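First comes the structure, then the notes that go with it.
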Amino acid sequence: MVETQLTPQMMNEGATLVMELDNLGASPDAALWYYFADTGAWKLLIADRKVVSDGPRAVYRQVLKALQKLRDRVTHIVLEDVTVVMPDAPIIFLLRRALSVSPGPAGVRFSRNVIDGTMIEDAYIYRLKRPSA
Numbered sequence: 005m006v007e008t009q010l011t012p013q014m015m016n017e018g019a020t021l022v023m024e025l026d027n028l029g030a031s032p033d034a035a036l037w038y039y040f041a042d043t044g045a046w047k048l049l050i051a052d053r054k055v056v057s058d059g060p061r062a063v064y065r066q067v068l069k070a071l072q073k074l075r076d077r078v079t080h081i082v083l084e085d086v087t088v089v090m091p092d093a094p095i096i097f098l099l100r101r102a103l104s105v106s107p108g109p110a111g112v113r114f115s116r117n118v119i120d121g122t123m124i125e126d127a128y129i130y131r132l133k134r135p136s137a
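The opening position of the sequence shown corresponds to residue 5 in this note's numbering, with each subsequent residue numbered one higher.
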């Protein structure tokens, strides 16, 4: 159910999903709604180092498990709305250059900003951990 507008319900349900991933022991390094201007759609990006060690399917299985557990509370997010990426994926790397967002239920809106010449049309960031030194 890919949306062209980020709704309050999507923001709330995204936070609920990220908290459930934490409860399941799958604490993502980054979690955010990102607007892909080329397709006109929002995707919930989950960056997790387990993508590198265990592969993306393992992380998608965790997301699916969380969605199934939350099926009564998360009704506007389906697995197809989620994109699992590596923690050093270009968009994650780029966003980390500009800001850091600590884990928590509230997100940070990051709209119409340019980072190193790249336009970030819109994002709603729940978490964006700085890489460990």
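Beta carbons are placed, not taken as given, at the ideal position from N, Cα and C, and that holds for glycine. Note that the structure is predicted; figures quoted are calculated from it, not measured.
Per DSSP, reduced to three states, the secondary structure at A102 is helical.
L25: member of the alpha helix (DSSP H) spanning 12 to 27, first to last residue. Straight across, the Cα-Cα distance linking R116 with M123 is about 7 Å.
The region 25 to 39 makes contact with the region 91 to 107: 3 or more CB pairs, one atom from each, lie closer than 8 Å. One alpha carbon belongs to L74, the other to E17, and they sit about 9 Å apart. Taking C-beta atoms as the reference points, L48 and D85 count as a pair closer than 7 Å.
At a Cβ-Cβ threshold of 7 Å, V55 and V88 count as neighbours.
The continuous stretches of beta strand (DSSP E) do not include V56, which lies in the alpha helix (DSSP H) extending over residues 54 to 58.
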